[in-house]
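One structure is given here, and the rest of the page talks about it.
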Amino acid sequence: MREVDLSFLCELARNSDYPLVQHELESLQNNQQLLRRSTAIVILLGGKAGRLGECVVGTALLEGTLRLLRVLNKEGISVQIMIDQRSLDLFQEENYQQAYWPEISLQGMEAPLDPRSILSLLTSLHDNAHLLVLDFHGAHDGMPYYAHKQTDHGSIDILGNLFRVGVRNYSQRGPEHRYAAFLADLFALKELSMDSTTIQPHLRLTIEDEQQLKAYPLDPAAITIICFFQSVVLAKCYELWDEVMQLLCEHIAREQPGQKLEFVIACGPDEGLPDGFKKSDIADWLQDFTGVADNARVKIYSTATLRDLAVLTSHATLALSDDTGPGHIAGALGIPVIIPFLPGNVYAKDIWSSTLYHHGITIVPNPYSTQQIEAAVIWGHTDIIDSIPPAELYKTAIPHLQKNHTRQQPANQTLRISL
């Protein structure tokens, strides 16, 4: 299998005016031709070690690709989306078929699939097939590459290791344009003459999903705030959320007397979570919280499925979250989410504020060395994350604390692309 290095995309991410040499320009033009001539497409989606957040963030590249195919008059092409099995519940085949075209299918993967192993799929395709594999899986963390192989049934072309460059490197293009800019560069398309804010992480729910909410009753008169206060990385577990909650309750008591707040704390399985942040620990910490003059209630739920979690989240006005997977679900559903981030580049705010609804807070300027932050992660110390003042998170949350918040959905508009 012949391979071509595409690592120059990392430089292009940092500098949109990066001077491409001839062979680099030809590589990107070749990518565009691959997209145009393909007769079937496989898209890989998921996260390293099954991380939920990386899978959700990758939906920006999935949605952007489907929109590009429509613009290139390839609506109706066979698209097989292969997703980590543990995240598959967030995706429903019929939702993508209704939004785009019926020839889209979904399949779960128990483990990340090496794109080169998809050769076997060619046997189920018609002769002279041109299969294009787009590898948006977060577990494939190397430099991007192009690979080609000719077989008796047709050709297979792979654009591999796209997650790191598309999500991490292109975050330097800014929150509004990062994903659209990556796809435009990858396929040698000039800047999209569209609102590129529509190419963002996005999860698709339907009216039928609302039936799942019956298992998690909410107070329709209260302002619902969904809370994700757990992380497998102890250094990202903020221990001052009760102070943030108290400040929000004091604000509501002053500005909207009689209005109730409902803090819904969504807990995941205890397996893998650090001591102090398991469900029973969260209950000991917060279940008796009542705010100011009894204007708040706490409900602690363990959702049966990730889709239940998404439906529950979709009914919130605001999300408070550690830097963890469910926070990306909130952002992908258009729910404003307030997140304290470790300073520096170990878990960088600019990268993992993955949606336009993420409102990350960190310490600027950063007084900690990379070694200190890495040590906090390794040894499970929370002193660095806890140095973010609760008042900063409170002030960031207040503009988004509106009871009648309406979830915004990306427009399903036609893209206009200058080629």
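Each step along the sequence shown adds one to the number in this note's numbering, with nothing skipped, and position 168 is 168. Ideal placement from N, C-alpha and C gives every residue a C-beta, glycine not left out. Small disclaimer: the values here were computed from a predicted structure and weren't measured.
As computed with DSSP, R297 is found in a beta bridge with E262. R178 carries a helical assignment under DSSP once its states are collapsed to helix, strand and coil.
Where S27 is concerned, the enclosing alpha helix (DSSP H) starts and stops at Q22 to R37.
Counting only runs of 3 or more residues that sit fully inside the stretch 291-355, the beta strand (DSSP E) segments are 296-301, 318-321 and 337-340, in chain order. By the beta-carbon neighbour count (other beta carbons within 10 angstroms, threshold 16), K190 is exposed. Cβ contact annotation for H202 (same chain, cutoff 6 Å, sequence separation greater than five): T59, E63, A332 and P410, in chain order.
Here N161 is not near Y179, since their CB atoms are 8 Å or more apart. Straight-line measurement puts the Cα of M109 at about 29 Å from the Cα of N30.
Within the model, the alpha-carbon separation for Q150 versus A99 is close to 33 Å. Annotated three-state conformation of Q97 is helix, per DSSP. Residue state for G268 is assigned as coil, using DSSP reduced to three classes. By the Cβ test, the stretch 151-158 is in contact with the stretch 127-138, since at least three Cβ pairs between them sit closer than 8 Å.
Taking C-beta atoms as the reference points, D322 and Q230 count as a pair closer than 8 Å. The DSSP-derived three-state label of I118 is helix.
Rounded to the nearest angstrom, the gap between the Cα atoms of I282 and V298 is 11 Å. Taking each of F182, A296, E3 and E94 in turn and checking the Cα distance to D209, the smallest one comes out for E94.
Taking C-alpha positions only, G258 is separated from P399 by approximately 19 Å.
When beta bridges are read from the DSSP output, E3 appears opposite A147. The alpha-carbon separation between T65 and Q32 amounts to approximately 12 Å.
Considered as a whole, the stretch 194-228 harbours 223-228 as its complete beta strand (DSSP E) runs of no fewer than 3 residues, in chain order. Taking the C-beta atoms as reference points, L12 is found nearer than 8 Å to Y18.
Pairing H23 with V4, the inter-Cα distance amounts to about 10 Å.
Cβ-Cβ distances below 8 Å link R37 to H130 in the same chain, with the five nearest sequence neighbours on each side left out; the list follows chain order. T198 counts as buried, since at least 16 other C-beta atoms from the protein chains shown sit within 10 angstroms of its C-beta.
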